[in-house]
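Chemist: For the sequence shown, my numbering begins at 2 and goes up steadily by one. Structure in C-alpha coordinates, see below.
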Amino acid sequence: MSEDQPSALLVGTDVYAMRACLRTGIKPYVVHGPHLNDWGSMELPEGAVGIFAEDPTSIESILFSLRRAGATEREFLFVQTSDEEALVTVAALAKVLDLPTPVEADIALHFRDKWLQKQIVSAAGVDVAASQVIEDIQHLDPAGLADFGRAVLKPLAGAGTRNTSVVGSREELVATCQEYRRRGVPQRTFVLEEFITGDEWMVDGVVFDGELQFLSVGSYVEPCLTAVDSNRVLQLERFDPTADAGVYDLARPVVAAALRALGLRRGVFHMELFHQQDTGRLVFGECAARTGGGLIHESVEYKFGVDLGAAAIRCAAGVDPQVEPKVRPDSVSTIFLAGRPGTLIGRPSPAEIRALPGVEHVRLDLPYGFRMADSVADTTEGVGQVMLSGRTREEVRERREFLTQWFDERLTVVPTHADYPELRRWQQANWPDSVSPFGTYPRD
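What follows is the structure, given as C-alpha coordinates:
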(Lines of atoms letter the chains of each structure in order from A and count residues from 1; the text may use other names and numbers.)
(Lines give C-alpha, C1' and ligand atoms only; values in the text may rest on other atoms or scores of the structure.)
Protein backbone atom coordinates (compact mmCIF):
# COMPACT_ATOMS: atom_id res chain seq x y z
CA MET A 1 0.00 0.00 0.00
CA SER A 2 1.33 3.42 -0.93
CA GLU A 3 1.96 6.18 1.59
CA ASP A 4 -0.56 8.49 -0.10
CA GLN A 5 -3.33 5.91 0.23
CA PRO A 6 -6.40 7.18 2.14
CA SER A 7 -6.32 6.12 5.78
CA ALA A 8 -8.64 6.02 8.76
CA LEU A 9 -8.07 5.89 12.50
CA LEU A 10 -9.91 3.02 14.20
CA VAL A 11 -9.96 2.64 17.97
CA GLY A 12 -10.49 -1.00 18.93
CA THR A 13 -10.01 -4.23 17.05
CA ASP A 14 -13.33 -4.54 15.21
CA VAL A 15 -12.58 -7.13 12.52
CA TYR A 16 -15.63 -6.08 10.49
CA ALA A 17 -14.58 -2.43 10.43
CA MET A 18 -10.99 -3.32 9.49
CA ARG A 19 -12.21 -5.60 6.73
CA ALA A 20 -14.54 -2.89 5.39
CA CYS A 21 -11.67 -0.37 5.26
CA LEU A 22 -9.36 -2.74 3.43
CA ARG A 23 -12.05 -3.72 0.92
CA THR A 24 -12.63 -0.08 0.03
CA GLY A 25 -8.96 0.89 -0.30
CA ILE A 26 -8.69 2.63 3.09
CA LYS A 27 -5.65 1.86 5.21
CA PRO A 28 -6.76 1.32 8.83
CA TYR A 29 -4.55 2.59 11.62
CA VAL A 30 -5.80 0.48 14.53
CA VAL A 31 -5.36 1.66 18.11
CA HIS A 32 -5.52 -1.43 20.31
CA GLY A 33 -4.98 -2.24 23.96
CA PRO A 34 -3.09 -5.00 25.79
CA HIS A 35 -5.82 -7.60 25.11
CA LEU A 36 -4.50 -8.17 21.59
CA ASN A 37 -1.18 -9.32 23.02
CA ASP A 38 -2.55 -10.92 26.18
CA TRP A 39 -5.15 -13.13 24.48
CA GLY A 40 -3.34 -13.89 21.24
CA SER A 41 -6.55 -15.09 19.58
CA MET A 42 -6.50 -12.52 16.81
CA GLU A 43 -3.97 -10.86 14.52
CA LEU A 44 -4.37 -7.59 12.69
CA PRO A 45 -4.99 -8.22 8.98
CA GLU A 46 -2.33 -7.54 6.39
CA GLY A 47 -2.51 -3.89 5.40
CA ALA A 48 -3.56 -2.64 8.85
CA VAL A 49 -1.19 -0.63 11.02
CA GLY A 50 -1.29 -1.48 14.72
CA ILE A 51 -0.77 1.24 17.34
CA PHE A 52 -0.50 0.00 20.92
CA ALA A 53 -2.18 2.08 23.61
CA GLU A 54 -1.99 1.12 27.27
CA ASP A 55 -5.63 2.18 27.69
CA PRO A 56 -7.61 2.69 24.46
CA THR A 57 -10.48 4.23 26.45
CA SER A 58 -8.20 7.06 27.61
CA ILE A 59 -7.64 10.03 25.31
CA GLU A 60 -4.32 10.67 27.04
CA SER A 61 -3.12 7.13 26.37
CA ILE A 62 -4.23 7.27 22.73
CA LEU A 63 -2.53 10.62 22.11
CA PHE A 64 0.69 9.31 23.68
CA SER A 65 0.57 6.34 21.32
CA LEU A 66 -0.24 8.35 18.22
CA ARG A 67 2.62 10.74 18.94
CA ARG A 68 5.07 7.87 19.44
CA ALA A 69 3.91 6.32 16.16
CA GLY A 70 4.25 9.64 14.34
CA ALA A 71 0.58 9.51 13.39
CA THR A 72 -0.74 12.74 14.94
CA GLU A 73 -0.01 14.72 11.79
CA ARG A 74 -1.43 12.16 9.39
CA GLU A 75 -4.52 13.26 7.44
CA PHE A 76 -7.03 10.61 8.40
CA LEU A 77 -10.39 10.53 6.64
CA PHE A 78 -12.17 9.94 9.96
CA VAL A 79 -11.87 8.35 13.39
CA GLN A 80 -14.24 5.53 14.36
CA THR A 81 -14.79 2.99 17.11
CA SER A 82 -17.00 -0.03 17.74
CA ASP A 83 -15.76 -0.26 21.33
CA GLU A 84 -18.58 0.58 23.73
CA GLU A 85 -16.23 1.96 26.38
CA ALA A 86 -14.23 4.10 23.94
CA LEU A 87 -17.18 5.93 22.35
CA VAL A 88 -16.90 9.19 24.32
CA THR A 89 -13.11 9.03 24.17
CA VAL A 90 -13.19 8.84 20.38
CA ALA A 91 -15.69 11.71 20.18
CA ALA A 92 -13.27 13.85 22.23
CA LEU A 93 -10.30 12.61 20.18
CA ALA A 94 -12.07 13.72 17.01
CA LYS A 95 -12.29 17.24 18.40
CA VAL A 96 -8.64 17.30 19.42
CA LEU A 97 -7.46 16.01 16.03
CA ASP A 98 -10.15 17.91 14.07
CA LEU A 99 -11.40 14.74 12.40
CA PRO A 100 -14.90 13.68 11.35
CA THR A 101 -16.53 10.97 13.46
CA PRO A 102 -20.04 9.51 13.22
CA VAL A 103 -21.01 10.16 16.87
CA GLU A 104 -19.95 13.58 18.16
CA ALA A 105 -19.15 14.35 21.79
CA ASP A 106 -22.51 15.73 22.96
CA ILE A 107 -24.37 12.80 21.35
CA ALA A 108 -21.86 10.16 22.50
CA LEU A 109 -22.83 10.87 26.11
CA HIS A 110 -26.41 9.81 25.33
CA PHE A 111 -25.19 6.35 24.42
CA ARG A 112 -23.03 5.76 27.48
CA ASP A 113 -24.86 7.24 30.48
CA LYS A 114 -27.71 4.76 31.04
CA TRP A 115 -29.66 7.12 33.31
CA LEU A 116 -29.33 10.12 30.98
CA GLN A 117 -30.30 7.95 28.01
CA LYS A 118 -33.57 6.90 29.60
CA GLN A 119 -34.44 10.47 30.59
CA ILE A 120 -34.01 11.62 26.99
CA VAL A 121 -36.00 8.74 25.51
CA SER A 122 -38.76 9.10 28.10
CA ALA A 123 -39.09 12.81 27.32
CA ALA A 124 -39.77 11.81 23.69
CA GLY A 125 -42.78 9.78 24.78
CA VAL A 126 -41.23 6.31 24.65
CA ASP A 127 -41.94 3.90 27.54
CA VAL A 128 -38.87 3.34 29.70
CA ALA A 129 -38.11 1.84 33.10
CA ALA A 130 -38.06 4.28 36.01
CA SER A 131 -34.52 4.79 37.30
CA GLN A 132 -32.44 6.72 39.81
CA VAL A 133 -28.71 7.32 40.16
CA ILE A 134 -26.51 6.13 43.03
CA GLU A 135 -23.48 8.41 42.84
CA ASP A 136 -21.18 6.17 44.89
CA ILE A 137 -22.17 2.64 45.87
CA GLN A 138 -19.36 2.49 48.40
CA HIS A 139 -20.96 5.33 50.35
CA LEU A 140 -24.65 4.59 49.88
CA ASP A 141 -27.32 6.43 51.85
CA PRO A 142 -30.44 4.28 51.36
CA ALA A 143 -32.62 6.98 52.89
CA GLY A 144 -31.82 9.24 49.96
CA LEU A 145 -33.43 6.86 47.46
CA ALA A 146 -37.02 6.93 46.32
CA ASP A 147 -39.09 3.87 47.14
CA PHE A 148 -38.61 0.97 44.73
CA GLY A 149 -39.81 -2.58 44.23
CA ARG A 150 -37.86 -5.21 42.36
CA ALA A 151 -35.02 -3.39 40.62
CA VAL A 152 -31.84 -3.84 38.59
CA LEU A 153 -28.58 -2.38 39.88
CA LYS A 154 -26.12 -1.71 37.05
CA PRO A 155 -23.07 0.47 36.38
CA LEU A 156 -23.95 3.85 34.89
CA ALA A 157 -21.79 3.14 31.84
CA GLY A 158 -21.38 -0.62 31.91
CA ALA A 159 -21.72 -3.27 29.22
CA GLY A 160 -22.67 -6.92 28.90
CA THR A 161 -24.53 -7.21 32.27
CA ARG A 162 -21.13 -7.21 34.01
CA ASN A 163 -21.55 -6.27 37.70
CA THR A 164 -25.33 -6.17 37.30
CA SER A 165 -27.68 -7.55 39.96
CA VAL A 166 -31.38 -7.81 40.76
CA VAL A 167 -32.40 -6.49 44.19
CA GLY A 168 -35.81 -6.63 45.85
CA SER A 169 -35.41 -4.41 48.89
CA ARG A 170 -33.24 -1.74 50.48
CA GLU A 171 -31.60 -4.47 52.59
CA GLU A 172 -30.65 -6.42 49.45
CA LEU A 173 -29.39 -3.24 47.82
CA VAL A 174 -27.14 -2.44 50.80
CA ALA A 175 -25.84 -6.03 50.88
CA THR A 176 -25.12 -6.00 47.14
CA CYS A 177 -23.24 -2.70 47.34
CA GLN A 178 -21.18 -4.08 50.23
CA GLU A 179 -20.42 -7.21 48.18
CA TYR A 180 -19.29 -5.07 45.20
CA ARG A 181 -17.01 -3.13 47.54
CA ARG A 182 -15.59 -6.37 48.99
CA ARG A 183 -14.93 -7.71 45.47
CA GLY A 184 -13.22 -4.50 44.41
CA VAL A 185 -15.68 -3.67 41.63
CA PRO A 186 -14.07 -0.64 39.93
CA GLN A 187 -17.28 1.24 39.05
CA ARG A 188 -18.71 3.52 41.72
CA THR A 189 -21.67 5.26 40.06
CA PHE A 190 -24.63 2.97 39.42
CA VAL A 191 -28.22 3.15 38.21
CA LEU A 192 -31.08 1.56 40.15
CA GLU A 193 -33.66 0.72 37.53
CA GLU A 194 -37.20 -0.67 37.66
CA PHE A 195 -37.23 -4.37 36.77
CA ILE A 196 -39.15 -4.84 33.52
CA THR A 197 -40.70 -8.21 32.71
CA GLY A 198 -41.26 -9.55 29.20
CA ASP A 199 -39.39 -10.92 26.23
CA GLU A 200 -36.11 -9.15 25.50
CA TRP A 201 -35.76 -8.03 21.90
CA MET A 202 -32.66 -6.71 20.16
CA VAL A 203 -32.68 -4.36 17.20
CA ASP A 204 -29.66 -3.84 14.97
CA GLY A 205 -29.68 -1.31 12.21
CA VAL A 206 -28.29 1.63 10.25
CA VAL A 207 -29.09 5.35 10.36
CA PHE A 208 -27.97 7.92 7.80
CA ASP A 209 -28.90 11.62 7.66
CA GLY A 210 -31.19 10.95 10.60
CA GLU A 211 -33.25 8.41 8.67
CA LEU A 212 -33.61 4.80 9.71
CA GLN A 213 -32.32 2.95 6.65
CA PHE A 214 -32.39 -0.59 7.98
CA LEU A 215 -33.36 -2.57 11.05
CA SER A 216 -33.29 -6.22 11.99
CA VAL A 217 -35.22 -7.40 15.03
CA GLY A 218 -34.23 -10.44 17.03
CA SER A 219 -34.97 -12.01 20.39
CA TYR A 220 -32.98 -13.46 23.23
CA VAL A 221 -34.32 -16.93 24.01
CA GLU A 222 -34.34 -15.71 27.60
CA PRO A 223 -33.50 -12.18 28.83
CA CYS A 224 -29.78 -11.47 29.27
CA LEU A 225 -29.99 -10.87 33.01
CA THR A 226 -32.11 -13.99 33.55
CA ALA A 227 -29.57 -16.10 31.68
CA VAL A 228 -26.61 -14.74 33.64
CA ASP A 229 -28.41 -15.01 37.00
CA SER A 230 -29.28 -18.64 36.15
CA ASN A 231 -25.67 -19.34 35.12
CA ARG A 232 -26.64 -19.95 31.49
CA VAL A 233 -25.12 -18.55 28.29
CA LEU A 234 -27.01 -16.52 25.69
CA GLN A 235 -29.04 -17.84 22.77
CA LEU A 236 -30.41 -15.46 20.12
CA GLU A 237 -32.92 -15.70 17.26
CA ARG A 238 -33.78 -13.39 14.34
CA PHE A 239 -37.33 -12.44 13.39
CA ASP A 240 -38.33 -12.60 9.72
CA PRO A 241 -39.70 -9.31 8.31
CA THR A 242 -42.47 -11.18 6.43
CA ALA A 243 -43.43 -14.04 8.74
CA ASP A 244 -43.05 -11.76 11.77
CA ALA A 245 -44.29 -8.54 10.18
CA GLY A 246 -46.19 -7.63 13.36
CA VAL A 247 -42.92 -7.55 15.29
CA TYR A 248 -41.43 -5.04 12.85
CA ASP A 249 -44.60 -2.94 12.78
CA LEU A 250 -44.45 -2.66 16.56
CA ALA A 251 -40.70 -2.08 16.84
CA ARG A 252 -40.04 0.37 13.99
CA PRO A 253 -41.81 3.49 15.38
CA VAL A 254 -40.34 2.95 18.85
CA VAL A 255 -36.83 2.49 17.46
CA ALA A 256 -37.14 5.54 15.18
CA ALA A 257 -38.45 7.74 18.00
CA ALA A 258 -35.69 6.65 20.40
CA LEU A 259 -32.93 7.27 17.84
CA ARG A 260 -34.32 10.72 16.97
CA ALA A 261 -34.42 11.64 20.64
CA LEU A 262 -30.89 10.41 21.25
CA GLY A 263 -29.63 12.35 18.24
CA LEU A 264 -27.96 9.60 16.23
CA ARG A 265 -27.67 11.03 12.72
CA ARG A 266 -25.45 8.42 11.10
CA GLY A 267 -23.99 5.11 12.06
CA VAL A 268 -24.97 1.65 13.25
CA PHE A 269 -26.79 0.86 16.47
CA HIS A 270 -27.74 -2.00 18.79
CA MET A 271 -30.91 -1.49 20.83
CA GLU A 272 -32.67 -3.63 23.41
CA LEU A 273 -36.42 -3.52 24.06
CA PHE A 274 -38.78 -5.47 26.33
CA HIS A 275 -42.00 -6.81 24.85
CA GLN A 276 -44.84 -7.62 27.22
CA GLN A 277 -47.04 -10.12 25.41
CA ASP A 278 -50.11 -9.71 27.61
CA THR A 279 -50.40 -5.96 26.97
CA GLY A 280 -48.42 -5.55 23.74
CA ARG A 281 -46.37 -2.87 25.51
CA LEU A 282 -42.85 -2.26 24.21
CA VAL A 283 -40.44 -0.77 26.74
CA PHE A 284 -37.11 0.80 25.81
CA GLY A 285 -34.15 -0.88 27.49
CA GLU A 286 -30.83 0.48 26.19
CA CYS A 287 -29.18 1.59 22.97
CA ALA A 288 -25.54 1.53 21.87
CA ALA A 289 -24.05 3.39 18.91
CA ARG A 290 -22.16 0.33 17.66
CA THR A 291 -22.79 -3.13 16.26
CA GLY A 292 -23.90 -5.86 18.66
CA GLY A 293 -21.75 -8.78 19.76
CA GLY A 294 -22.51 -12.47 19.86
CA LEU A 295 -22.24 -13.13 16.10
CA ILE A 296 -24.95 -10.54 15.47
CA HIS A 297 -22.93 -9.28 12.50
CA GLU A 298 -22.86 -12.77 10.99
CA SER A 299 -26.55 -13.45 11.56
CA VAL A 300 -27.64 -10.11 10.08
CA GLU A 301 -25.43 -10.65 7.05
CA TYR A 302 -26.75 -14.19 6.59
CA LYS A 303 -30.42 -13.27 6.99
CA PHE A 304 -30.45 -9.87 5.25
CA GLY A 305 -27.27 -9.70 3.19
CA VAL A 306 -26.32 -6.53 5.09
CA ASP A 307 -22.71 -5.96 6.18
CA LEU A 308 -23.01 -3.82 9.33
CA GLY A 309 -19.23 -3.29 9.43
CA ALA A 310 -19.25 -1.85 5.91
CA ALA A 311 -22.23 0.34 6.81
CA ALA A 312 -20.42 1.63 9.91
CA ILE A 313 -17.34 2.61 7.88
CA ARG A 314 -19.36 4.28 5.13
CA CYS A 315 -21.31 6.26 7.72
CA ALA A 316 -18.06 7.27 9.43
CA ALA A 317 -16.76 8.52 6.08
CA GLY A 318 -19.99 10.49 5.54
CA VAL A 319 -21.03 8.27 2.61
CA ASP A 320 -24.59 7.02 2.28
CA PRO A 321 -24.39 3.25 2.90
CA GLN A 322 -27.46 2.71 0.67
CA VAL A 323 -28.43 -0.47 2.47
CA GLU A 324 -30.41 -2.83 0.24
CA PRO A 325 -31.49 -5.92 2.20
CA LYS A 326 -31.93 -9.24 0.43
CA VAL A 327 -33.87 -11.37 2.87
CA ARG A 328 -33.40 -15.13 3.07
CA PRO A 329 -36.44 -17.17 4.11
CA ASP A 330 -34.29 -19.38 6.36
CA SER A 331 -34.35 -18.95 10.13
CA VAL A 332 -31.11 -18.15 11.90
CA SER A 333 -29.92 -18.36 15.50
CA THR A 334 -26.65 -17.71 17.32
CA ILE A 335 -25.55 -19.30 20.58
CA PHE A 336 -22.69 -19.18 23.03
CA LEU A 337 -21.25 -22.61 23.82
CA ALA A 338 -21.37 -23.17 27.56
CA GLY A 339 -18.39 -24.32 29.55
CA ARG A 340 -18.17 -25.84 33.02
CA PRO A 341 -16.20 -24.78 36.10
CA GLY A 342 -12.66 -26.04 35.81
CA THR A 343 -9.75 -26.23 33.40
CA LEU A 344 -10.56 -26.83 29.74
CA ILE A 345 -8.48 -29.66 28.27
CA GLY A 346 -10.66 -30.99 25.47
CA ARG A 347 -13.52 -29.96 23.15
CA PRO A 348 -14.79 -30.68 19.63
CA SER A 349 -12.78 -29.09 16.83
CA PRO A 350 -14.19 -26.33 14.60
CA ALA A 351 -14.33 -28.85 11.72
CA GLU A 352 -16.37 -31.30 13.80
CA ILE A 353 -18.85 -28.56 14.73
CA ARG A 354 -19.12 -27.30 11.13
CA ALA A 355 -20.04 -30.82 10.03
CA LEU A 356 -23.26 -30.71 12.09
CA PRO A 357 -26.56 -29.86 10.32
CA GLY A 358 -27.23 -26.15 9.90
CA VAL A 359 -23.92 -24.85 11.26
CA GLU A 360 -22.97 -21.73 9.28
CA HIS A 361 -20.25 -20.18 11.42
CA VAL A 362 -18.02 -21.32 14.30
CA ARG A 363 -15.76 -19.35 16.58
CA LEU A 364 -14.00 -21.07 19.48
CA ASP A 365 -12.54 -18.51 21.87
CA LEU A 366 -10.92 -20.41 24.75
CA PRO A 367 -7.63 -22.33 24.42
CA TYR A 368 -6.82 -25.58 26.19
CA GLY A 369 -5.62 -24.92 29.71
CA PHE A 370 -8.01 -22.02 30.24
CA ARG A 371 -9.55 -22.05 33.71
CA MET A 372 -13.28 -21.38 33.47
CA ALA A 373 -15.03 -19.59 36.30
CA ASP A 374 -17.52 -21.15 38.70
CA SER A 375 -20.36 -19.04 37.28
CA VAL A 376 -21.25 -16.90 34.26
CA ALA A 377 -20.32 -13.29 35.01
CA ASP A 378 -21.66 -11.55 31.91
CA THR A 379 -23.30 -12.11 28.54
CA THR A 380 -20.07 -12.57 26.60
CA GLU A 381 -18.85 -15.71 28.37
CA GLY A 382 -18.61 -19.11 26.74
CA VAL A 383 -16.16 -21.53 25.15
CA GLY A 384 -17.15 -20.21 21.75
CA GLN A 385 -20.01 -19.12 19.51
CA VAL A 386 -21.96 -20.79 16.71
CA MET A 387 -24.47 -19.56 14.12
CA LEU A 388 -27.13 -22.02 12.99
CA SER A 389 -29.67 -21.93 10.17
CA GLY A 390 -32.73 -23.98 9.28
CA ARG A 391 -35.79 -23.97 7.06
CA THR A 392 -38.04 -23.09 10.00
CA ARG A 393 -37.64 -21.63 13.48
CA GLU A 394 -38.59 -25.02 14.95
CA GLU A 395 -35.84 -26.74 12.97
CA VAL A 396 -33.29 -24.20 14.16
CA ARG A 397 -34.37 -24.69 17.77
CA GLU A 398 -34.03 -28.46 17.44
CA ARG A 399 -30.55 -28.04 15.98
CA ARG A 400 -29.64 -25.60 18.74
CA GLU A 401 -30.77 -28.00 21.46
CA PHE A 402 -28.91 -30.88 19.82
CA LEU A 403 -25.70 -28.86 19.42
CA THR A 404 -25.81 -27.66 23.02
CA GLN A 405 -26.07 -31.19 24.40
CA TRP A 406 -23.67 -32.67 21.83
CA PHE A 407 -20.99 -30.09 22.65
CA ASP A 408 -21.38 -30.52 26.41
CA GLU A 409 -21.02 -34.30 26.14
CA ARG A 410 -17.69 -33.83 24.31
CA LEU A 411 -16.32 -31.16 26.62
CA THR A 412 -13.44 -32.32 28.84
CA VAL A 413 -12.87 -30.15 31.91
CA VAL A 414 -10.74 -30.86 34.96
CA PRO A 415 -13.12 -29.98 37.82
CA THR A 416 -12.40 -26.99 40.01
CA HIS A 417 -11.78 -27.43 43.77
CA ALA A 418 -11.37 -31.21 43.45
CA ASP A 419 -9.14 -32.86 46.03
CA TYR A 420 -6.63 -35.61 45.24
CA PRO A 421 -9.02 -38.61 45.54
CA GLU A 422 -11.67 -36.76 43.51
CA LEU A 423 -9.16 -36.07 40.75
CA ARG A 424 -8.16 -39.74 40.69
CA ARG A 425 -11.80 -40.80 40.41
CA TRP A 426 -12.35 -38.21 37.65
CA GLN A 427 -9.33 -39.58 35.77
CA GLN A 428 -10.57 -43.16 36.25
CA ALA A 429 -13.95 -42.23 34.79
CA ASN A 430 -12.51 -40.38 31.77
CA TRP A 431 -9.28 -42.31 31.03
CA PRO A 432 -9.32 -45.61 32.92
CA ASP A 433 -6.21 -46.93 31.13
CA SER A 434 -4.18 -43.97 32.32
CA VAL A 435 -4.65 -44.61 36.05
CA SER A 436 -1.73 -46.17 37.91
CA PRO A 437 -2.90 -47.59 41.28
CA PHE A 438 -0.34 -48.37 44.01
CA GLY A 439 -0.84 -51.97 45.21
CA THR A 440 0.77 -53.99 47.99
CA TYR A 441 2.26 -56.47 45.55
CA PRO A 442 3.25 -56.03 41.92
CA ARG A 443 0.75 -57.41 39.44
CA ASP A 444 1.75 -60.41 37.31
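Don't be surprised by glycine CBs; every beta carbon is placed ideally from N, CA and C. What you are looking at is a predicted structure, and each value in this text was computed from that prediction instead of being measured.
1) Are three or more beta carbon pairs between the segment 193-202 and the segment 299-316 nearer than 8 angstroms?
2) Grouping DSSP H, G and I as helix and E and B as strand, with all else coil, what is arginine 282?
3) Pull the bridge partners of phenylalanine 337 from the DSSP assignment, please.
4) Spell out a yes or no on whether the segment 42-58 and the segment 6-22 are touching, meaning 3 or more CB-CB pairs, one atom from each, closer than 8 angstroms.
5) Short check: CB of proline 219 to CB of arginine 233, under 7 angstroms?
6) Whole angstroms is fine: what's the gap from aspartate 321's alpha carbon to glycine 268's?
7) Please check the pair threonine 335 and methionine 388, which I expect to be a contact at CB under 8 angstroms, by giving their CB distance rounded to whole angstroms.
8) Are there 16 or more other CB atoms within 10 angstroms of the CB of aspartate 434, so buried, or fewer, so exposed?
9) Ignore the nearest five residues each way along the sequence and tell me which others in threonine 413's own chain have a CB closer than 8 angstroms to its CB.
10) Let's test the definition: count the other Cβ atoms within 10 Å of the Cβ of glycine 281 and tell me whether it reaches 16, buried, or not, exposed.
11) Please report the residue range of the beta strand (DSSP E) in which glutamate 410 lies.
12) Label arginine 24 either buried or exposed according to how many other C-beta atoms from any shown protein chain fall within 10 Å of its C-beta, with 16 as the threshold for buried.
13) In chain order, which continuous runs of the alpha helix (DSSP H) of length 4 or greater are located wholly inside the segment 409-435?
14) Taking Cβ positions, are leucine 10 and phenylalanine 77 nearer each other than 7 angstroms?
15) Who are the Cβ neighbours of cysteine 225 in its own chain at under 7 angstroms, not counting the five residues just before and after it?
16) Take the Cβ of methionine 43 as the centre, count every other Cβ of all protein chains shown within 10 Å, and call the residue buried at 16 or more, exposed below.
17) Take proline 35 as the anchor and find which of Ile63, Asp128, Ala290, His362 has the nearest alpha-carbon.
18) When burial is assigned at 16 or more other CB atoms within 10 Å of the CB, is phenylalanine 1 buried or exposed?
19) Could you give the DSSP three-state label for lysine 327: helix, strand or coil?
20) Taking tyrosine 369 as part of the beta strand (DSSP E), name the residues at either end of that continuous run.
21) So, alanine 258 versus valine 127, is the Cβ gap smaller than 7 angstroms?
22) Could you say which of Met203, Phe149, Gln214 lies nearest to valine 307 if we only look at CA atoms?
23) Where does leucine 274 fall in DSSP's three states?
24) Buried or exposed for valine 333, please, with buried defined as at least 16 other CB atoms from any protein chain shown within 10 angstroms of its CB.
25) So the beta strand (DSSP E) alanine 460 belongs to, where does it begin and stop?
26) Starting from aspartate 205 and walking both ways along the alpha helix (DSSP H), at which residues does that stretch end?
27) What is the rounded straight-line gap between the Cα of phenylalanine 337 and the Cα of glycine 385?
28) With respect to the alpha helix (DSSP H) encompassing isoleucine 27, which residues constitute its N-terminal and C-terminal limits?
29) Who are the Cβ neighbours of proline 143 in its own chain at under 7 angstroms, not counting the five residues just before and after it?
30) Can you look up phenylalanine 65 in the DSSP assignment and give me helix, strand or coil?
31) Can you say whether alanine 18 is buried or exposed, counting buried as having 16 or more other CB atoms within 10 angstroms of its CB?
32) If alanine 244 and phenylalanine 270 are in contact, beta carbons under 8 angstroms, what's the gap, nearest whole angstrom?
Modeler: With the structure as the only source:
1) no
2) strand
3) Paired residues: Gln386.
4) yes
5) Note that residue 219 is glycine in the sequence shown here, rather than proline. No, they are not a contact pair.
6) Spanning the two alpha carbons is a distance of roughly 10 angstroms.
7) 5 angstroms
8) With fewer than 16 Cβ atoms within 10 Å of its Cβ, aspartate 434 is classed as exposed.
9) Leu345, Ile346, Gly347, Arg348, Asn431
10) Of the residues assessed, glycine 281 falls on the exposed side of the cut-off, its CB having fewer than 16 other CB atoms within 10 angstroms.
11) From DSSP, glutamate 410 is part of no beta strand (DSSP E) but of the alpha helix (DSSP H) over 394-410.
12) exposed
13) 421-431
14) yes
15) Thr162, Glu201, Leu235, Thr380
16) exposed
17) That would be Ile63, whose Cα lies nearest to the Cα of proline 35.
18) Only positions 2 to 445 of the chain appear in this structure, which leaves residue 1 out of reach.
19) coil
20) Careful: tyrosine 369 lies outside any beta strand (DSSP E) and carries neither H nor E.
21) yes
22) Gln214
23) strand
24) buried
25) Residue 460 is absent from the structure shown; the chain starts at 2 and stops at 445.
26) Segment 200-209 is the beta strand (DSSP E) holding aspartate 205; no alpha helix (DSSP H) there.
27) 6 angstroms
28) It is not in any alpha helix (DSSP H) - isoleucine 27 carries neither H nor E in the DSSP assignment.
29) Arg171, Leu174, Val175
30) In the displayed model, phenylalanine 65 falls within a helix according to three-state DSSP.
31) Under this definition alanine 18 is a buried residue.
32) So it is not a contact: roughly 24 angstroms between Cβ atoms.
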